[in-house]
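Protein chains in written order, with the numbering used here: chain D, 378 to 626; chain F, 14 to 319; chain B, 794 to 1120; chain E, 363 to 753.
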Amino acid sequence: MSEVILATQGLQKSFGALKATDDVSIDLRPGEIHAIIGPNGAGKSTLIAQICGALASDTGRVELLDRDVTALNTEQRARAGLGRTFQISALAMEDSVEDNVRLGAIGAMGSPWNVFRPVSRSADVVARANDALERVGLTGARETRCADLSHGQRRQLEVAVALTLEPKAFVMDEPMAGLGADGSKTMTGFLDGLRDEAPILLVEHDMDAVFALADRISVLVYGKIIATGTVSDIRASDAVRTAYLGENA
Amino acid sequence: MLTLLIIEQVLNGLQFGVMLFLMAAGLTLIFGVMGLINLAHGSLYMVGAFAAAWVAGATGSFLLALIAALAAAAAAGALVEVLVIRRLYKAAHLDQVLATFALILIFSEGTRWIFGSFPLFLDVPSYLSGPITLPGGIAYPLYRLVLIGIGIAVALGLWWLTARTRLGIQIRAGENDREMIAALGVDISRLYTLVFALGAALAGLAGALVGAIQSVQVGMGEPVLILAFVVIVIGGIGSIRGAFVGAMLVGLTDTLGGVFLPELFKLFMESGAATQTGSSLASMSVYILMSIVLIWRPSGLFGVRA
Amino acid sequence: MIREGVINWAILLGLVALPLWAVFADEIFTITLTTRVVILALAAVGLNIALGIGGMVSFGHAAFFGLGGYAMGILAYHAQTYAALDFGIVEIEGTKSMPVIWLVATAISALAAWLIGLLSLRTTGVYFIMITLAFGQMFYYFAISWGAYGGEDGLSIYVRNGFPGLNTLVPIQFFGLCFVALCVALILQWRLRGSSFGLTLNAARQTPERVETVGLNPMKLKLLAFVISGAITGLAGALFADLNRFVSPAMFSWQLSGELIILIIIGGVGRLMGPVIGAMIFVALEHWLGGLTDFWHVYLGAILLFIVLFSRGGVIGFLTGKEGPHV
Amino acid sequence: MASKTRLGCQNREKTMKNVLLATAAAAVMAAPALADIKVGMITTLSGGGAGLGVDVRDGFMLAIQQSGRDDIEVVIEDDQRKPDIAVQLADKMVQSEKVDVLTGIIWSNLAMAVVPSVTAQGKFYLSPNAGPSPLAGKGCHENYFNVAWQNDNLHEAAGSYANTAGYSNSFIMAPNYPAGTDALTGYKRMFEGEVANEVYTKLGQTDYAAEIAQIRASGADSVYFFLPGGMGISFLKQYAGSGVDLPVVGPAFSFDQGILQAVGDAALGVVNTSQWNKDIDNPTNAAFVESFQAAYGRLPSLYASQGFDTANLLISAVEAADVSDAGAFRDALRAADFDSTRGDFAFGSNHHPVQTIYAREVIKEGDVFTNKIIGKALENHSDAYAGECKM
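Below, the structure is given as structure tokens:
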């Protein structure tokens, strides 16, 4: 097993004069949760988009399992082992919960081309989807239309879809956003156990969750990583305090 | 001789282009601001032409006819906006297509009901008729030069309107963010009616101006409508500048293609067959142009990338 | 509110019962009219796969309808005149056999759909609507000026093509053929909707970025859907040509593309039987209103307007009380 | 529902009275009742080309009404100028209405879609307008009669007129579709001079600036154009404003009563060719023009005269034979024993008219633009395809 699962080197993306990300180099090691924090507009979403291939980088590279995936597009990176969740749920709202996880399972198996056989008869797809639903605790809601789900359930479903992919690394964009205290606690517990399956690159605003979960934290401000370290390192960092918490040191 | 012919054909292409621009400008404004696909825009063109023909017949004044065309089309536009279109802004594009298609049917057959099945008479006023001689010895119809002038004037006016006036700021804001301008206290439904009426008036003006040298008849709007859509798609939807460039491209391609493609084919084909082949290709040329532009730039020349 | 399944069976039953009644009542024209409904419905079922499931609003499906029609027209014309089709390298005999014609019609339409889809799918939204329109218009103007096969006059095929074991000249038998074709297409759409392809395609319409993140290419999914869609509409074109024993460039016109879209909206976008009920209503309106007044388009327009403004989700949406997919 | 009518739609009351009178007369004279005959009319009554269909229908119904016969039932349907609708209506007429005779189609492409199939089913078809060449030549049929012209006729006449007018170099132009190609072929068939340029425009084109510039540059001494409907109006208005003053010749279609008012002064003095005009000097024509104006409040057009003649041909056949005896009925039609608005009327071997085609000039009578005959362009003219017709 490689020492580093996912790594970026010198990633940069500009929108006109604005540098959304600037020379970002981070890595994700086996078994860890690496959190990215930063104020609004710091470039977190841009960074995720660059890592997952939704946005082409101006310079820099992305490596997954020692393989350069910079030139690959989103779907190829997904097949290479990246499992992403979205900040704003990107679910098929008109479809049932079950269909949404099955989408992930079909993607993971690379088998979307059968136009005639009902999905329900593909035992492996069904099993994989059911498994993911059960793990996030959505089995009871499998028939529900996605649009009728509560906000918390949608976050759970986002994670479930990523689970079906059995990725080598998760990239999660604010999985706690909008969850209540209870929801947040459940999700935290769940992610805590997930790190053994695959490491998680976690972008999150919920500081309690971040401090509870993260093995390492990187702080992104104005597109630059200003600090990387353990929870206590970051808590102690003056630079972070100045830039992020807006306090005058 | 050939240079003269080319210059004359380029003028023709420009004239066709500016008239397409009048149609396309309204269409692109309405789409840009309200997000509405308005198939009935061609009907407003027809309304303008019929109003002009009717007033010109009654009063003999071309100027009054033009004013009537503007007024009638703007009024018809505002009426339709308030009665029907307003309910469609939030609807899917598909519903808009069906609803405005239904409006075409109502407008067309309604007009035939009122004015009968035969084309109406509308002519160029005597003070604008006949050719004038341009430098270089080209005899060119004065009226067509006037059309080019009016078209360019309208284009400049629209530029001024969107870039320099309060209404223009509201329009541009509306394109970007509806909630924002509502939050700024702009009466959004009045703004929409206004923009729709403005677009309609431009279409009506085009109908009246073109009606004087073409046939004022039911169904005259649809071919122009399709071309106007081609124009705004080439230019990039929502962009007035794009509409202008697109209109010029389409006008020139259509005119020059129709003249020179058959001649081109005559270089290596037998004359009759060349004329046929060239003409077929010419009639497809505008659509070929559009597909090439879209394959190259999927959001048109000046469109915002999705 | 009625369950969609019940409505679907009722529609299908009505569609069979009407012509059967007509046979006994000797109302031959009713059979012809119902056959027209079935064929238009078939074309719209094809479009509905692209539009309703895949979210591709094609304003150029007349291209495939026309190609299917001309496949029939050209093959039958060469059989009729006993002149082989000369491709320079190979010569192909014309044919009056429906199965062969259908095969050619679907194959050619599928090929064209693949090419058009490949180019058009670079665009989205209104641009997609317009680029498909552009391709349709190219075929239209080409057909008008293509003198070898009648140009704007079109091609008349004097005797309807044959099908082994049937007498296609008998209206009810031809109806039966078309009805079977429609049923096959409906079964295909129904199975497709529940298959892994249908599931991913439906997701690709709603959230393409999600489909990418599970490792699938939404573009390829849409392209296949567009090809299937075009092929079915092409088959409908061949049948339509056989119904009229005539093909003309009008089959390529943008009005026809528009009509197909309208059939779907009337019935209900993305609904299995949406195109069928849509075609029934449209043909009925066209037929009955046309007799009432010269200015029947005004009433047709008013009715269509009413449907859009007051019945989101089309007739089936109205009956089931459920909104359909958003496109 | 079909508008089943025995009467013109515009003047229902008046014709009702006529029917009553006619029935009364029949009762008094106790004339032997002839078998009912049912006629299906498929024509264009809505959309852009409706003017022509309305005129054909009105002319046709006027003749039926004047005949006072109540045994001719006419079913009228609107084809919307769409071939597939026309075919559908033809099926309806044959299968459901069970008509004996069909008529009414304006456009060649619609005729090509309908005529071969209905004649093959043993019905009679009387064309009041369209005369595509295949139906006059190889595709002719014993049950198909054209009362108007073969499509090429007016163009041939124009070519012939151009010779007499002394033109030696023509610029010729038509839309790029079969009727357009036929038109230019027809002109060239008779024209003895040179062709400076042959231009095919887009069907439905509305702007002719480019073509006018070509005309100016061509060095021709005359212009021949075939641009039916709105296309012709557009061309003439633009041509008049262009300063090019070459003489223009065209077929009657762009100079007919219906659209002439929309062209206005631009058409004045233009010579066009037609087999009919309102000043053809015979009693039938005079009565037709007068009664048409009285009934509909407008001058009759070429199309109205064709509709009128078609109905009178039909009536003459009904008087002579029973439609159930197809052979006898066909012979009666072939005899063409009726008073035509064109004077003497006769069919050639392919059931197309052998007729005189006039050159007429656009004039202004008071406020109304109309035509005046200035000479004969072709006399007793048949068509180029009759030889290919094997009946």
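Backbone N, C-alpha and C fix where the C-beta goes; we use that ideal spot for every residue, glycine too. None of these values were measured; they are calculated from a predicted model.
(request) Please compile the residues from chain D whose C-beta is within a distance smaller than 8 Å of the C-beta of residue 987 of chain B. (result) In the third sequence, counting from the first residue as 1, residue 987 of chain B sits at position 194. Around residue 987 of chain B, the beta-carbon contacts reaching into chain D at under 8 Å are 495, 496, 497.
(message) Can you pull the chain B neighbours of residue 565 of chain E, defined as C-beta to C-beta under 9 Å?
(response) Translated into the one-based positions of the fourth sequence, residue 565 of chain E becomes position 203. Listed along chain B, the residues sitting closer than 9 Å to residue 565 of chain E by beta-carbon distance are 934, 937, 938, 945.
(request) Would you list, in chain order, the members of the region 481 to 505 of chain E that have their beta-carbon closer than 7 Å to a beta-carbon of chain B? (result) Close to chain B, meaning a Cβ-Cβ distance shorter than 7 Å, are the following residues of the region 481 to 505 of chain E: 482, 494.
(message) Strictly below 9 Å CB to CB, what residues from chain D border residue 1020 of chain B?
(response) Taking the first residue of the third sequence as 1, we reach residue 1020 of chain B at position 227. Here the premise fails: no neighbours, minimum Cβ distance about 11 Å.
(request) Using only alpha-carbon positions, find the residue among B:1017, B:834, B:906, B:942 that is nearest to residue 539 of chain E. (result) Walking along the fourth sequence from the start, residue 539 of chain E turns up at place 177. Selected option, being the one with the closest Cα: B:942.
(message) According to DSSP, simplified to helix, strand and coil, what is residue 325 of chain E?
(response) No information on residue 325 of chain E is available, as it lies outside the stretch 363 to 753 that chain E covers here.
(request) Helix, strand or coil for residue 1070 of chain B, going by three-state DSSP, please let me know. (result) Within the third sequence, residue 1070 of chain B is the residue found at index 277, counting from 1. Note: residue 1070 of chain B maps to helix in three-state DSSP.
(request) Would you mind telling me which residues of chain G sit closer than 8 Å to residue 547 of chain E, beta carbon to beta carbon, in chain order? (result) Absent from the structure: chain G. Protein chains present are D, F, B and E.
(request) Less than 8 Å between the CB atoms is what I'm expecting for residue 1026 of chain B and residue 921 of chain B, so what's the real figure, rounded? (result) Translated into the one-based positions of the third sequence, residue 1026 of chain B becomes position 233. Translated into the one-based positions of the third sequence, residue 921 of chain B becomes position 128. For a cut-off of 8 Å, the C-beta gap from residue 1026 of chain B to residue 921 of chain B is around 17 Å, too long to register as a contact.
(request) Kindly indicate which three-state DSSP category residue 386 of chain D falls into: helix, strand or coil? (result) Here residue 386 of chain D refers to the residue found at position 9 of the first sequence. Shown here, residue 386 of chain D sits in a strand according to DSSP, grouped into three states.
(request) Please name the residue, chosen from F:286, F:276, F:298, that lies closest to residue 940 of chain B on a Cα-to-Cα basis. (result) Residue 940 of chain B sits at position 147 when you count from the first residue of the third sequence. Of the candidates F:286, F:276, F:298, the one whose C-alpha sits nearest the C-alpha of residue 940 of chain B is F:286.
(message) Does the CB of residue 801 of chain B have a neighbour CB from chain E at under 7 Å?
(response) Position 8 of the third sequence, counting from 1, holds the residue named residue 801 of chain B. Chain E contact via Cβ: absent.
(request) Would you mind telling me which residues of chain B sit closer than 8 Å to residue 267 of chain F, beta carbon to beta carbon, in chain order? (result) Stepping through the second sequence from its first residue, residue 267 of chain F is reached at position 254. Chain B residues near residue 267 of chain F: none, gap ~12 Å exceeds 8 Å.
(request) Using a Cβ cut-off of 7 Å (strictly closer), state whether residue 1119 of chain B contacts chain F. (result) As a first step, residue 1119 of chain B is located in the third sequence; it is residue number 326 there, counting from the start. Answer yes: the Cβ-Cβ gap between residue 1119 of chain B and chain F drops below 7 Å somewhere.
(request) Tell me, please, which residues DSSP counts as bridged to residue 612 of chain E. (result) Stepping through the fourth sequence from its first residue, residue 612 of chain E is reached at position 250. Residue 612 of chain E pairs with E:634.
(request) Could you tell me whether the region 893 to 900 of chain B touches the region 212 to 219 of chain F, using the rule of 3 or more Cβ pairs below 8 Å? (result) Under the Cβ criterion (8 Å, minimum of three pairs), the region 893 to 900 of chain B does not count as touching the region 212 to 219 of chain F.
(request) Could you tell me if residue 476 of chain D is buried or exposed, where buried requires 16 or more neighbouring beta carbons within 10 angstroms of its beta carbon? (result) Translated into the one-based positions of the first sequence, residue 476 of chain D becomes position 99. Buried, since its Cβ has 16 or more Cβ neighbours within 10 Å.
(message) When you compare the CB positions of residue 509 of chain E and residue 671 of chain E, do they come within less than 7 Å of one another, or not?
(response) Taking the fourth sequence and counting its residues from 1, one reaches residue 509 of chain E at position 147. Taking the fourth sequence and counting its residues from 1, one reaches residue 671 of chain E at position 309. In this structure, residue 509 of chain E sits near residue 671 of chain E, with a CB-CB distance shorter than 7 Å.
(request) Show which residues of chain B have a CB atom less than 8 Å away from the CB atom of residue 289 of chain F. (result) Sequence index remark: in the second sequence, residue 289 of chain F carries index 276 (1-based). One finds 938, 940 in chain B with Cβ atoms closer than 8 Å to the Cβ of residue 289 of chain F, taken in chain order.
(request) Grab the span of the beta strand (DSSP E) containing residue 717 of chain E for me, first residue to last. (result) The sequence position of residue 717 of chain E within the fourth sequence is 355, counting from 1. From DSSP, the beta strand (DSSP E) with residue 717 of chain E extends over 715 to 727.
(request) Count the other C-beta atoms from every protein chain shown that fall within 10 angstroms of the C-beta of residue 484 of chain E, then say buried if there are 16 or more, exposed otherwise. (result) Numbered from its first residue, the fourth sequence carries residue 484 of chain E at position 122. Residue environment for residue 484 of chain E: exposed (fewer than 16 other C-beta atoms within 10 angstroms of its C-beta).
(request) Using three-state DSSP, classify residue 539 of chain E as helix, strand or coil. (result) As a working note, residue 539 of chain E is residue 177 in the fourth sequence. Reduced to three states, the DSSP call for residue 539 of chain E is coil.
(request) Could you name the residues of chain F that residue 930 of chain B contacts, counting a contact when the two beta carbons are closer than 7 Å? (result) Here residue 930 of chain B refers to the residue found at position 137 of the third sequence. The contacting residues are 300.
(request) Report the option in B:835, B:796, B:810 whose CA atom is closest to the CA atom of residue 1068 of chain B. (result) Here residue 1068 of chain B is taken as the residue at index 275 of the third sequence, counted from 1. With distances taken between CA atoms, residue 1068 of chain B lies nearest to B:835 out of B:835, B:796, B:810.
(message) Assuming contact is defined by CB atoms lying nearer than 7 Å, are residue 600 of chain D and residue 398 of chain D in contact in what I supplied?
(response) Taking the first residue of the first sequence as position 1, residue 600 of chain D is located at position 223. Taking the first residue of the first sequence as position 1, residue 398 of chain D is located at position 21. For residue 600 of chain D and residue 398 of chain D, yes; Cβs fall inside 7 Å.
(message) Taking CB distances under 7 Å as the criterion, tell me whether residue 659 of chain D reaches chain B.
(response) Nothing about residue 659 of chain D can be reported from this structure: the residues present for chain D run from 378 to 626 only.
(message) Please classify residue 553 of chain D as buried or exposed, where buried requires at least 16 neighbouring CB atoms within 10 angstroms.
(response) Locating residue 553 of chain D in the first sequence gives position 176, where the first residue counts as 1. Result: buried.
(request) Assign residue 283 of chain F to one of three DSSP states: helix, strand, or coil. (result) For the purposes of this step, residue 283 of chain F is identified with residue 270 of the second sequence, where counting begins at 1. Residue 283 of chain F falls in the coil class under three-state DSSP.
(message) Taking 8 Å as the cut-off, does the region 995 to 1012 of chain B touch the region 461 to 470 of chain D (at least 3 CB pairs, one atom from each stretch)?
(response) Because the criterion of three Cβ pairs below 8 Å is met, the region 461 to 470 of chain D and the region 995 to 1012 of chain B touch.
(message) Considering Cα atoms alone, identify which of F:240, F:151, F:227, F:92 is closest to residue 23 of chain F.
(response) Here residue 23 of chain F corresponds to residue number 10 of the second sequence, with the count starting at 1. Answer by Cα proximity: F:151.
(request) Kindly indicate which three-state DSSP category residue 604 of chain D falls into: helix, strand or coil? (result) Residue 604 of chain D sits at position 227 when you count from the first residue of the first sequence. For residue 604 of chain D, the secondary structure class from DSSP, reduced to helix, strand or coil, is strand.
(message) Please list, in chain order, the chain F residues whose beta carbon lies closer than 9 Å to that of residue 620 of chain E.
(response) For this step, residue 620 of chain E is matched to residue 258 along the fourth sequence. Within chain F, the residues placing a beta-carbon under 9 Å from that of residue 620 of chain E are 130, 131, 132, ordered along the chain.
(request) Find the nearest neighbour of residue 891 of chain B within the set B:861, B:918, B:880, judged by alpha-carbon distance. (result) As a first step, residue 891 of chain B is located in the third sequence; it is residue number 98 there, counting from the start. Closest by alpha carbon: B:861.
(message) Quick check: the Cα distance between residue 1054 of chain B and residue 100 of chain F, rounded to an integer number of angstroms?
(response) Here residue 1054 of chain B corresponds to residue number 261 of the third sequence, with the count starting at 1. Here residue 100 of chain F corresponds to residue number 87 of the second sequence, with the count starting at 1. In this model, residue 1054 of chain B and residue 100 of chain F are separated by some 20 Å (Cα to Cα).
(request) Note down, in chain order, each residue of its chain lying with its Cβ closer than 6 Å to the Cβ of residue 714 of chain E, except the 5 sequence neighbours on either side. (result) Along the fourth sequence, one-based indexing puts residue 714 of chain E at 352. Closer than 6 Å at the Cβ level, and outside the excluded window around residue 714 of chain E, lie 498, 508, 512, 745.
(request) Establish whether the CB of residue 663 of chain E and some CB of chain B are separated by less than 7 Å. (result) Here residue 663 of chain E refers to the residue found at position 301 of the fourth sequence. Contacts with chain B at 7 Å (Cβ-Cβ) do not include residue 663 of chain E.
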